[in-house]
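To start, the structure itself, in structure tokens.
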Amino acid sequence: MTGDSALRARLALTTETIAWGVLYAGAMLVGRLSRVDTELALVWPAAGVSVVWFLRAGAGRRRGLAVAVLGAVTGTVNWVTGVEPLGSWLFAGVNVVHGLVGVAVLGRLAGWRTARPMASLSDVAALLCASTASAGVSAFLGGVVAAARFGTEVWDGIGLIGARNGISTFVVASALLAVPRLRASGSRAHRAGSAVLVLTVLAGSLALVLVRWPVAFALIPLTVAAALRCGPAVTSVIAAAQGVLVVVATRAGHGPFSLIPRVEPRILEAQALILVLALVGAVVALALQERSEALVASRRDRDRLQAHMDAALVANAHVVATGSTSPEVLDVNGAMMALTGRSRAQLVGTDPCTWLTDASASLLAAGVDELASGAHTGWRGELQLADAWGSAWVDAALSAVGATGHPARPELSLQMVDMTVQKAAEERLATIALHDELTGLPNRVLWADRLKVALAEAERSRFVVGVLYVDVDHFKEVNDRHGHDVGDDLLREIAHRLSSVVRPHDTVARIGGDEFVVLCPRLQTTADGLGLAARIQQVMVAPVQAGTWRLTPTVSVGVTFAEGDEDPRVVLRRADTALYTAKDRGRARFEVYRPDLEAELERSAQVLDRLNEAYRDGELRVHYQPVVDAGARRVVALEALLRWEHPERGTLSPDAFLDVLESSDLIHGVGALVLRQACDDAVELLVRGHRLAVHVNISARELARLGLRGDVERILAETGMPAELLVLEITETRLVAVNGSLLRDLRALRALGVRVAVDDFGTGYSALTQLVELPVDVIKLDKGFVSEIATSARARAVSAGVQAMAAGLGVVTVAEGVETEQQAEELAALGFGLLQGFLFGQPRSMVDWLEELAAGRGGPWELRSGTHGGGRG
Numbered sequence: 001m002t003g004d005s006a007l008r009a010r011l012a013l014t015t016e017t018i019a020w021g022v023l024y025a026g027a028m029l030v031g032r033l034s035r036v037d038t039e040l041a042l043v044w045p046a047a048g049v050s051v052v053w054f055l056r057a058g059a060g061r062r063r064g065l066a067v068a069v070l071g072a073v074t075g076t077v078n079w080v081t082g083v084e085p086l087g088s089w090l091f092a093g094v095n096v097v098h099g100l101v102g103v104a105v106l107g108r109l110a111g112w113r114t115a116r117p118m119a120s121l122s123d124v125a126a127l128l129c130a131s132t133a134s135a136g137v138s139a140f141l142g143g144v145v146a147a148a149r150f151g152t153e154v155w156d157g158i159g160l161i162g163a164r165n166g167i168s169t170f171v172v173a174s175a176l177l178a179v180p181r182l183r184a185s186g187s188r189a190h191r192a193g194s195a196v197l198v199l200t201v202l203a204g205s206l207a208l209v210l211v212r213w214p215v216a217f218a219l220i221p222l223t224v225a226a227a228l229r230c231g232p233a234v235t236s237v238i239a240a241a242q243g244v245l246v247v248v249a250t251r252a253g254h255g256p257f258s259l260i261p262r263v264e265p266r267i268l269e270a271q272a273l274i275l276v277l278a279l280v281g282a283v284v285a286l287a288l289q290e291r292s293e294a295l296v297a298s299r300r301d302r303d304r305l306q307a308h309m310d311a312a313l314v315a316n317a318h319v320v321a322t323g324s325t326s327p328e329v330l331d332v333n334g335a336m337m338a339l340t341g342r343s344r345a346q347l348v349g350t351d352p353c354t355w356l357t358d359a360s361a362s363l364l365a366a367g368v369d370e371l372a373s374g375a376h377t378g379w380r381g382e383l384q385l386a387d388a389w390g391s392a393w394v395d396a397a398l399s400a401v402g403a404t405g406h407p408a409r410p411e412l413s414l415q416m417v418d419m420t421v422q423k424a425a426e427e428r429l430a431t432i433a434l435h436d437e438l439t440g441l442p443n444r445v446l447w448a449d450r451l452k453v454a455l456a457e458a459e460r461s462r463f464v465v466g467v468l469y470v471d472v473d474h475f476k477e478v479n480d481r482h483g484h485d486v487g488d489d490l491l492r493e494i495a496h497r498l499s500s501v502v503r504p505h506d507t508v509a510r511i512g513g514d515e516f517v518v519l520c521p522r523l524q525t526t527a528d529g530l531g532l533a534a535r536i537q538q539v540m541v542a543p544v545q546a547g548t549w550r551l552t553p554t555v556s557v558g559v560t561f562a563e564g565d566e567d568p569r570v571v572l573r574r575a576d577t578a579l580y581t582a583k584d585r586g587r588a589r590f591e592v593y594r595p596d597l598e599a600e601l602e603r604s605a606q607v608l609d610r611l612n613e614a615y616r617d618g619e620l621r622v623h624y625q626p627v628v629d630a631g632a633r634r635v636v637a638l639e640a641l642l643r644w645e646h647p648e649r650g651t652l653s654p655d656a657f658l659d660v661l662e663s664s665d666l667i668h669g670v671g672a673l674v675l676r677q678a679c680d681d682a683v684e685l686l687v688r689g690h691r692l693a694v695h696v697n698i699s700a701r702e703l704a705r706l707g708l709r710g711d712v713e714r715i716l717a718e719t720g721m722p723a724e725l726l727v728l729e730i731t732e733t734r735l736v737a738v739n740g741s742l743l744r745d746l747r748a749l750r751a752l753g754v755r756v757a758v759d760d761f762g763t764g765y766s767a768l769t770q771l772v773e774l775p776v777d778v779i780k781l782d783k784g785f786v787s788e789i790a791t792s793a794r795a796r797a798v799s800a801g802v803q804a805m806a807a808g809l810g811v812v813t814v815a816e817g818v819e820t821e822q823q824a825e826e827l828a829a830l831g832f833g834l835l836q837g838f839l840f841g842q843p844r845s846m847v848d849w850l851e852e853l854a855a856g857r858g859g860p861w862e863l864r865s866g867t868h869g870g871g872r873g
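With UniProt numbering, letter number 128 in the sequence shown gets 128, and the count goes up by one each step, no holes.
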């Protein structure tokens, strides 16, 4: 602050302090002039001035200066007007306390830190409480001082003094606080009308207080009239002016109160009237002001909402529906006009179903009917505009927003988001994810989906489903002898020959290196399938020109048939059993599955029996594989993996038993065991200072069972594990099953902090909308893409697409199956921040992890290349 500005600030403070001191002294003198028959004054305006003065001064030095000056003025005025010296200064202290108590209560109740007009009914209540509290304290202290100095009784006059001080504080403070708001507003006619009303109210008040008739209550309607017209600021000043008139008239022996012979009742009734006028005026004016402000805010919100709707990027239409006629558009925003290519005039009054293709129109009409009937409050679906309307795909949503006043005409909001680009991306991703890059044939996922459909159809009809499992004989020798390029040429030719002999609605898929499967739905008899197997053998006889080599391939074929109501995995396993039988019997032939080939199924039963024993005997253990930061190579999480400590065969990986386990109810007990052990181990790590998340796989059978949420919540509570450290992994192929109660359970667990990961991403057929709508936090890229990341442009393209999509959705990505440094570098370059695989260590028990930590070797928490070995050894 410069010297000039500091001087101006001191001058302003001095001027303001002098002005308040003069006002306070005048208020004291007015109070003394209001005395009636006894020494008791009708009003004490200095009480209200002290509170506003201290509020105006604020905190700190300014408040201290105000306190000092007020005390000095009070003591001086008391002394000059005849009060003995010590009593004068003691009463000065009482007045200071009065002001400080009032300010403190206002700050406590209403947060007042400086002077401001009352703006709400709560402010009225706060000022009334502050007036009462400060008056009570000052009246009591004044009684004590009077008793000490003048020998009076402490309680003599305390009630009257307290009421006088409290009422004076409320009325005078209200008026002083309102003075800054006394400014001209509104039209000239409104200001002139208000001025006339104020003069009329004051003239009427003067007339009423001069007559001795008992009509003092008539002042209240005049105050209400002023409040309704002039607002809270003017009303507060008018109420104070009416109080002045009441005091002057009563002091002069006029008005209705002069008829009361005893001074105490006369004073009390006069003060009561003054308080009622101030309170009624403030309450009515502020209530009307709050109502007006609410109306203004409501109109402003309505206008802003309309402006937002018009400016919104999401296309929106206001629709009214009836049960007997088509829905009708009432209004649209600019985005809807841009989406449809129509003007508002062309859209208003039309049926939105006419904008769509026939199939989409039926879906929207059904959604409108559901909302119109009250069966649902919202609807959502993917619709396509008709060719004449642009053919765009839209994500549409309907919601009920009110009624037109007639129950049969509910109003709906129809929103549309253009998802044409997203649809095209889904189709491209589906093509990449569901087809084999080398041959262009469907892959395992698409073929398995079509098998499910075929089995469901067969269950409803008399048709038979045929499955042919085809394996190229001695293909490994072709690769080893002639190279992979020749092997690829051979596979492409075999795929072509298979496709050439099947029916148009049959499906040929490549599901492995040299393995193909053929799905034959709607067979009239099994003979048709056997005929196809024979034709496959025949078409393979011709030599294949692969590069510079001329090869004569042969294939082995396993055949099985199903008539519906069968597990697709069982059907494929039967075909696989028949295939191996064909290989065992010399290759270049086909075999049909028969019940006497049930040795494999028997083995599964034996494995399940032995698994039950292993579960009871504690042979099933949990090992952990690290998930590491791609840059720092630090462990950030551990994935819990099941291992079978077989007493005879050693440690078995899940490949040896997981299919059998997941097909039985034993998976529930084992799943709970893994989850509890993982949580216990995570808590143990946390106690040792390592905050690592643990990933736990949830099988399809566990997802299908009610109670998953309860099991997870109970185990978290019993182990004391923080929910945010648990990641539940669900394979991508099971995303379609995440709906209804399971979706609600997953969302509830996610609300607790549990995260959800999609495992083996890229092997299933999940729509982008599923990833948007489902509670997904982590996407784990399937190791099939990772294994080819350094050699396959397709694998790199899919991986890059998955990473870009996840980044857009705000989802974390993990690449699993990393075995080489080159793979790790390629994935890090694509943006994958987390990696997992044998490059960073094989799965190990928690005991091994903790032993390494205790041995002081840096622990598994900092990984460098080669620290834990790579490969599958």
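Note that CB positions come from ideal geometry on N, CA and C, so glycine has one too.
In the DSSP assignment, the beta strand (DSSP E) including residue i goes from what residue to what residue?
i: residue 416; result: 410-418
i: residue 318; result: 315-320
i: residue 679; result: Note, residue 679: premise wrong, no beta strand (DSSP E); alpha helix (DSSP H) at 666-687.
Quick check: what's the CA-CA separation for residue i versus residue j?
i: residue 762; j: residue 781; result: 7 Å
i: residue 648; j: residue 642; result: 18 Å
i: residue 748; j: residue 49; result: 59 Å
i: residue 750; j: residue 368; result: 32 Å
i: residue 24; j: residue 117; result: 19 Å
i: residue 437; j: residue 472; result: 18 Å
i: residue 243; j: residue 128; result: 17 Å
i: residue 27; j: residue 21; result: 10 Å
i: residue 280; j: residue 328; result: 52 Å
i: residue 652; j: residue 646; result: 7 Å
i: residue 833; j: residue 811; result: 11 Å
i: residue 664; j: residue 536; result: 37 Å
i: residue 784; j: residue 800; result: 14 Å
Using alpha carbons as the reference points, say which of the options lies closest to residue i.
i: residue 14; options: 69, 49, 811; result: 69
i: residue 546; options: 567, 489, 502, 509; result: 489
i: residue 379; options: 29, 413, 315; result: 413
i: residue 731; options: 711, 806, 725, 757; result: 757
i: residue 196; options: 226, 175, 465; result: 226
i: residue 560; options: 521, 554, 4; result: 521
i: residue 827; options: 631, 161, 724; result: 631
i: residue 508; options: 450, 542, 459; result: 450
i: residue 725; options: 701, 710, 680; result: 680
i: residue 841; options: 825, 464, 820; result: 820
What span of residues does the alpha helix (DSSP H) with residue i cover, start to end?
i: residue 88; result: 85-110
i: residue 888; result: The question about residue 888 has no answer here: the residues shown for the chain are numbered 1 through 873.
i: residue 803; result: 793-809
i: residue 78; result: 61-80
i: residue 725; result: Where residue 725 is concerned, there is no enclosing alpha helix (DSSP H), given that its DSSP letter is neither H nor E.
i: residue 479; result: 475-482
Give the C-beta separation of residue i and residue j to the nearest angstrom, bearing in mind that I take them to be a contact with Cβ-Cβ under 8 Å.
i: residue 638; j: residue 627; result: 7 Å
i: residue 695; j: residue 727; result: 4 Å
i: residue 393; j: residue 382; result: 6 Å
i: residue 501; j: residue 532; result: 7 Å
i: residue 273; j: residue 219; result: 7 Å
i: residue 200; j: residue 166; result: Not quite, the Cβ-Cβ distance comes to about 30 Å (not below 8 Å), so this is no contact.
i: residue 275; j: residue 121; result: Actually they are not in contact, since the Cβ atoms of residue 275 and residue 121 sit about 16 Å apart, beyond 8 Å.
i: residue 498; j: residue 478; result: About 17 Å separates the two Cβ atoms, so there is no contact after all.
i: residue 890; j: residue 708; result: Because the chain is modelled from 1 through 873, residue 890 falls outside the range shown and cannot be assessed.
Mind listing, in chain order, the continuous beta strand (DSSP E) runs of no fewer than 3 residues lying wholly within the segment 358-400?
-> 378-384
Starting from the N-terminal side, write out each stretch of the beta strand (DSSP E) that is 3 residues or longer and does not extend beyond the segment 812-838.
-> 812-816, 834-836
Which ranges would you report for the alpha helix (DSSP H) in the segment 3-56 if only whole runs of at least 4 residues count?
-> 3-33
Could I get the ranges of all uninterrupted alpha helix (DSSP H) runs contained in the UniProt domain "GGDEF" (463-595), with 4 residues as the minimum, in chain order?
-> 475-482, 484-501, 526-539, 568-584
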